[in-house]
Each structure stands twice: as C-alpha cells, then as structure tokens.
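Read the structure below first, then the notes.
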Amino acid sequence: MCSILEVSRSGSYAWVERPESAHARANLRLTTLIREEFAKSRSTYGAPRIHAALTKRGEPCGMHRVARLMRRAGVRPRVRRKFVRTTDSKHPHAIAPNRLDRQFTVEAPNQVWVSDITYIATDEGWLFLASTMDLFSRRIVGWAMGETMPASLVERALQMAIDTRSPAAGLLHHSDRGVQYAAHVFQGLLDRNGIECSMSRKGNCYDNAVKESFFHTLKTELCDREHYRTREQARASVFEYIEAFYNRQRLHSTLGYRSPAEFEALRIAG
38 MCSILEVSRS GSYAWVERPE SAHARANLRL TTLIREEFAK SRSTYGAPRI HAALTKRGEP
98 CGMHRVARLM RRAGVRPRVR RKFVRTTDSK HPHAIAPNRL DRQFTVEAPN QVWVSDITYI
158 ATDEGWLFLA STMDLFSRRI VGWAMGETMP ASLVERALQM AIDTRSPAAG LLHHSDRGVQ
218 YAAHVFQGLL DRNGIECSMS RKGNCYDNAV KESFFHTLKT ELCDREHYRT REQARASVFE
278 YIEAFYNRQR LHSTLGYRSP AEFEALRIAG
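Heads up: take any position in the sequence shown, counting from 1, add 37, and you land on this note's numbering.
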C-alpha cells in the first residue's frame, strides 16, 4: 500500500499512531449529540431543527457544520409518500366567505382555529383523522378519528377543542368548503358557541396552508414510517404523536424553534 500510494513506511506508521486532532474529536462529539437529538425527534429532524435543539442545550455550532456532519453520518429524515383527496365540495350547503384570507399570524390564543381531515392507511382500511389547530401556537387543540368521515367526525374534533379551550365568542374557525364543514350539524355547533365561519376558496389549498402543513408533517414523521395492521393501532400511534410529541416536544420553526406548549407558556406568562 505504501508503494502504491508513494509514501514511506515510517510516515505511514507515524500517521496511524498520531493522536486525533482537537477538531476531529470535537466533530466526533458533536456527531454523537446530533444522533441523540435525531433519536429524540423520532428520526424526523433535519439540520435546522437539530441545530436549534443543540443551541438550546448550549452547544456552540453552526447550522452548516451540523448539516455537513449529518450527511457524513448518514443521518437524514425520510420523505413522504402519496396524497389522497378527502374534500368533497359538491354539495347544496351554503359556503362561507374566506374571512381568514391567509392571515396566519395570530397575536393571542383562541382567536383563530383551522381544521381539516386526512386519511391514515391500515390493513383494515382507511382511518380518517379530523383535527383543529390554534393558529397562535400551532397547537392541535381538538381531534377525532373514525372509519368514515361524516360531519359528526369534524363536529367531535371541534367539540373537543371547545371543551379543552373554552374560547370566548368571536373566535374565527377556518376550513375548506367540504361537505362535513358546511353541514347543518357542524354549522349549528359553530353558531351555538358564537364562532364565526370562514372557508377556503374552491380548489385553493393555500388558503388553509398551515393545516395542510401539519398533515404533511404527520404523514412524513409518523404514518409513512409505520405499518398499521389495525385501526386501533393507528389510533394509539396518532394520539401519542399529537399529545406527547407534536404539542409538547416538537420544535416549530415558525415559533422560534419552540414546541406549541412551550410557546404558549412563554407568551401567556410574558
């Protein structure tokens, strides 16, 4: 090998016996910490969130260095799979105007909630998830799951949010214009609680982009990594993800790399 590489035998032994440089040792230590934070994130964080997590624990490092070490160590989150449409806007019910108008920055809790429905694949068939988010903190404040997606599914998700948060009258609720949200049973729940209705424009997913982003995150970080044999298994997995990880631990770039629970505690206390 020394002959092929045109180096001296003594030089080769000297290289082998030379101690690691301080920079190499620092990189090895940082890579270990990166793996720890990646594991704590359930193998979901990319370089920006890993960097934010390391910064929060007092580790001085640059984001580009973190990204470089992640590439070297083969530490990378997975990408998500296919999309299935869940919105049926061909119905006779009244449609509310888009009162939210993409104003996704909210100054206090319980001022604007956004809702939507998605699907989760199991060996028993689809499990549908309806959830409601508070735009202030991106916290999921209500959710419901079922084998089908009638209006009662989104009604249960909203009722959970109302019971949990006790919003004052005047809250704005935004959704797509699907039949579940336009149905009389759901609109009646809004009216009884003094909640104003807003709906996206036809075929425009950007009008509810924040909620779409949550479902993208859910699929990428959880559902696309799992094989659910039963709906009950999927229910337990999604419940644990939302309540234990997403609301309380997951760092959100929009929130200054804080979790929704931490963001609410800091802003409300301040």
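C-beta atoms are modelled at their ideal positions from N, C-alpha and C, and glycine is treated no differently.
Item: V178 and Q217 closer than 8 Å at C-beta; Value: no
Item: Residues near G183 by beta carbon distance below 6 Å, same chain, minus five either side; Value: F165, L190
Item: Rounded C-alpha distance that separates A89 from Y294; Value: 6 Å
Item: Where C39 falls: helix, strand or coil (DSSP); Value: helix
Item: Residues of its chain near H211, where Cβ-Cβ distance is below 6 Å and the 5 sequence neighbours each way are ignored; Value: L137, V151, S235
Item: Cβ-based burial, H289 [other Cβ within 10 Å; buried from 16]; Value: buried
Item: Neighbourhood of F120 by C-beta distance below 6 Å, restricted to the same chain and skipping five residues each side; Value: With a pLDDT of 47 at F120, under the threshold of 50, the predicted position of this residue should be treated as unreliable, though the coordinate-derived value follows. There are no such residues.
Item: Whole-Å CB distance - S174 paired with F251, under 8 Å assumed; Value: At roughly 12 Å, the Cβ-Cβ gap does not stay under 8 Å, so S174 and F251 are not in contact.
Item: Same chain only: Cβ atoms within 7 Å of T68, ignoring 5 sequence neighbours per side; Value: L106, A110
Item: Nonlocal neighbours in the same chain, by C-beta distance under 7 Å from V112, ignoring five residues either side; Value: I71, R72, F75
Item: Neighbour-count burial assignment, G215, 16 or more Cβ in a 10 Å radius; Value: buried
Item: Cutoff 6 Å; reference R193; Cβ partners in own chain excluding five residues on either side; Value: A181
Item: Nearest to R229 (by Cα), restricted to the options N245, D213, G207, Y243; Value: G207
Item: Per-residue DSSP class, three states only, for V216; Value: helix
Item: L208 (DSSP reduced to helix, strand or coil); Value: coil
Item: Rounded distance between the beta-carbons of S274 and L255, thought under 8 Å; Value: That belief does not hold up - the Cβ atoms of L255 and S274 are roughly 10 Å apart, past 8 Å.
Item: Cβ pair N135, S237 closer than 8 Å; Value: yes
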